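Below you'll find the structure, written out as structure tokens, and then a few comments.
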Amino acid sequence: MTISARLEALLRAAESICVLTGAGVSAESGIATFRGPEGLWARFKPEELANVDAFMRNPALIWEWYTYRKTVIHQAQPNPAHHALVGMERLVRDFTLVTQNVDNLHARAGAQKVLELHGNIERSYCVECRTFASEIILAKQGEVPTCRACGGLLRPDVVWFGEILPQLVLQEAFRASERCELFFTVGASGLVYTAAGLPLRARECGAYVVEINTEPTELSHRCSERLYGKAGDIVPELFAHMSESRKEQPS
Ligand code: OAD
């Protein structure tokens, strides 16, 4: 892989890095992305599954779908891209990982801190009293799990269509984008706002923005550099560069 001299210099010396990951970072773990011919939204209608009205109409169906997704996710393992990002987190003083993914694979790889913009499929909370369930819930077919505290319906802690993103998490993500020197957007289609606003904001504030994707996206032309290929190949290579060049520096 060929990278620019500017990126090389930043890998060696940047003290503030922000990374946004999308579904593409988990594709090599065997978790389907959302868009594209193989994507989840090609097979399932978002309006039927990923919104609160659908849930209130037929919570058992939504739980069946999420239990299926959880099962797929539990069988999946973090891939080399997830692991390389953990390595970067350990090397860089100010490192922020922001994800659109709900699959918890960054945490399972060992990431210390992840800003989850769309929630986390492992968590569930009560629609009545907002209490979080203490365990990972897998529903039996036709059943709807309920809250131990008040008996209300439990729902997965994921952001559905028409819902707002967790505002404090989003603010933190924007602050990290505004102060970083280097920003990576990895496996994100650039179609899902507000997340797509993060690399744009980073660029406006002077960061060098690098896109890592298997193909060009809506955001490609607004990035400083584009690296096309699989996240599981490119991110570990960037991490290897980073750790080698940081070792070479006199302390
Ligand atoms: P998408 O499914 O929209 O896009 C996945 C991106 O990953 C595409 O640009 C692919 O080209 C790229 N890609 C696929 N395999 C890759 C690989 N091995 N390495 C690198 N890139 C790869 O996913 P997101 O942009 O994350 O939102 O958008 C997903 C969001 O849309 C979800 O969080 C969900 C959905 O609506 C909510 O549920 C709120």
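Residue numbers (numbering that gives the first Met the number 0): 0 to 250. Here a beta-carbon is modelled for each residue, glycine too, at the ideal position from N, C-alpha and C. Remember, it's a predicted structure, so these values are computed and weren't measured experimentally.
| query | result |
| --- | --- |
| Spatially closest choice to HIS82 from ASP232, GLY205, ARG245, CYS179, by CA coordinates | ASP232 |
| Span separating the alpha-carbon of THR130 from that of ALA148 | 7 Å |
| Where TYR67 falls, given that 16 or more other Cβ within 10 Å makes a residue buried | exposed |
| 7 Å Cβ shell around PHE94 - same chain, five flanking residues per side excluded | ILE16, MET87, GLU88 |
| Beta strand (DSSP E) runs wholly inside the segment 218 to 244, at least 3 long, in chain order | 224 to 227 |
| Candidates TRP159, ARG56, PRO144: closest to PRO153 by CA position | Checking the displayed sequence, the identity of residue 153 turns out to be Leu instead of Pro. Among TRP159, ARG56, PRO144, the Cα nearest to that of LEU153 is on PRO144. |
| Collapsed DSSP secondary structure at GLY189 in the structure displayed | coil |
| Any C-beta of chain C under 8 Å from that of LEU48 | Of the protein chains in this structure there is only one, and it is not chain C. |
| Local conformation of PRO155 per DSSP, three classes | strand |
| For VAL91 and ALA13, believed in contact at Cβ under 8 Å, the rounded distance | 7 Å |
| Where ARG122 sits in the DSSP three-state scheme | strand |
| For ALA41 and GLY35, the rounded distance between their alpha carbons | 7 Å |
| Coarse secondary structure for GLU260, derived from DSSP in three states | One cannot answer for residue 260 here, as it falls past the ends of the chain, which runs 0 to 250. |
| Residues near PRO79 by beta carbon distance below 6 Å, same chain, minus five either side | GLY231, PRO235 |
| From GLU115, PRO45, ARG56, VAL18, residue whose alpha carbon lies closest to that of GLN166 | GLU115 |
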